[in-house]
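All remarks here apply to the structure that follows.
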Amino acid sequence: MTSIFWKEINTFFSSLIGYIVVGVFLVVMGVMLWFLPDFSLLEYSYATLSPFFDLAPVLFVFLIPAITMRSFAEERQAGTIELLATRPLTDLQIVLGKYFASLVLVLFALLPTVLYYITVYQLGVPKGNLDSGAILGSYFGLFLLSGSFAAIGMFASSLSTNQIVAFLLAVLMCVIFHWGFFYFSKLPLFVGKLDDLIQQLGIDYHYASISRGVLDTRDLLYFFSVIAFFLALTVVSLERRKW
Numbered sequence: 236m237t238s239i240f241w242k243e244i245n246t247f248f249s250s251l252i253g254y255i256v257v258g259v260f261l262v263v264m265g266v267m268l269w270f271l272p273d274f275s276l277l278e279y280s281y282a283t284l285s286p287f288f289d290l291a292p293v294l295f296v297f298l299i300p301a302i303t304m305r306s307f308a309e310e311r312q313a314g315t316i317e318l319l320a321t322r323p324l325t326d327l328q329i330v331l332g333k334y335f336a337s338l339v340l341v342l343f344a345l346l347p348t349v350l351y352y353i354t355v356y357q358l359g360v361p362k363g364n365l366d367s368g369a370i371l372g373s374y375f376g377l378f379l380l381s382g383s384f385a386a387i388g389m390f391a392s393s394l395s396t397n398q399i400v401a402f403l404l405a406v407l408m409c410v411i412f413h414w415g416f417f418y419f420s421k422l423p424l425f426v427g428k429l430d431d432l433i434q435q436l437g438i439d440y441h442y443a444s445i446s447r448g449v450l451d452t453r454d455l456l457y458f459f460s461v462i463a464f465f466l467a468l469t470v471v472s473l474e475r476r477k478w
């Protein structure tokens, strides 16, 4: 598994893929948080990073599928998936190696955003007038959300030999699992009956819960279940070549 992991890391950073993804995320986020009046942290009357954690999932819906779209689609298109199959590795090890490599790239994108926290911390009146616990919880929730999106993206990539198709499919699935259940619960058929239960099936519900700074085991169980579910589907999708 470690060989697959390092192979993917080298692929990300030996080409422009990793730098473009990290660069686009930081540039877009920086422009929106410091220059656009509707989102600017400087426009708030109190120290907060809420706009960052509200905007990050929207960008990750596109950036994480861009990271994962080549995971298996490129392997199948180039015919190298058979070479992977001949290695002394199980399908699960191959999937996990690629998955953890994708998470490392996401982590590289998130690390520079700590500067936002330091800046807002210094600008607070008095200095440090910031809910650090809630921010730490939000970062943890954002990382779990990223892990869920990455697992979804891996599954989408395993379904197609075309990277663009894999990207679009992953974006669609991420949007559905993040926001789809909320809007689905607003149908007249479910309002006042099953609306809250349906909302709990969506990623956004549990991400918002963790962002309040409270780690609930139900939220953690949800994220780990989503990740495990889509990674398992990816393994099953890879095993189709043996059937």
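Take this note's numbering: the last position of the sequence shown gets the number 478, and nothing is skipped along the way.
All C-beta atoms, glycine included, are put in the ideal place defined by N, C-alpha and C.
In the three-state DSSP reduction, N245 falls in the helix class (H, G or I). If you look at E474, you'll find it in the alpha helix (DSSP H) that goes 452-474.
The distance from the Cβ of F464 to that of G382 is about 12 Å, inconsistent with a contact at the 8 Å cut-off.
Annotation: D273 is outside any alpha helix (DSSP H) and is labelled neither H nor E by DSSP. Separation of S393 and F270 (C-alpha to C-alpha, rounded to the nearest whole angstrom) is 39 Å. Fewer than three beta-carbon pairs drawn from the region 294-313 and the region 430-444 are found closer than 8 Å, and the two stretches are therefore not classed as touching. Runs of the alpha helix (DSSP H) lying entirely within the region 287-359, each at least 4 residues long, are 305-313, 316-321, 326-345, 349-358 in chain order.
Note that the region 345-360 does not touch the region 419-427; fewer than 3 beta-carbon pairs, one per stretch, sit closer than 8 Å. Comparing C-alpha distances from I387 to each of I433, I462, L338 shows the shortest one belongs to I462.
A Cβ-Cβ contact shorter than 8 Å links A401 with A308.
Across the set L455, G448, S306, K421, the C-alpha of S306 shows the shortest separation from the C-alpha of S395. For G448, the closest of L251, L377, V257 by C-alpha to C-alpha distance is L377.
Where V400 is concerned, the enclosing alpha helix (DSSP H) starts and stops at 398-410.
For D366, there is no enclosing alpha helix (DSSP H), as DSSP gives it neither H nor E. For F419, the enclosing alpha helix (DSSP H) covers residues 416-420. Comparing alpha-carbon positions, the option among P286, E310, V296 lying closest to A405 turns out to be V296. The DSSP-derived three-state label of V426 is coil.
Bounds of the alpha helix (DSSP H) holding Y442 are 438-446.
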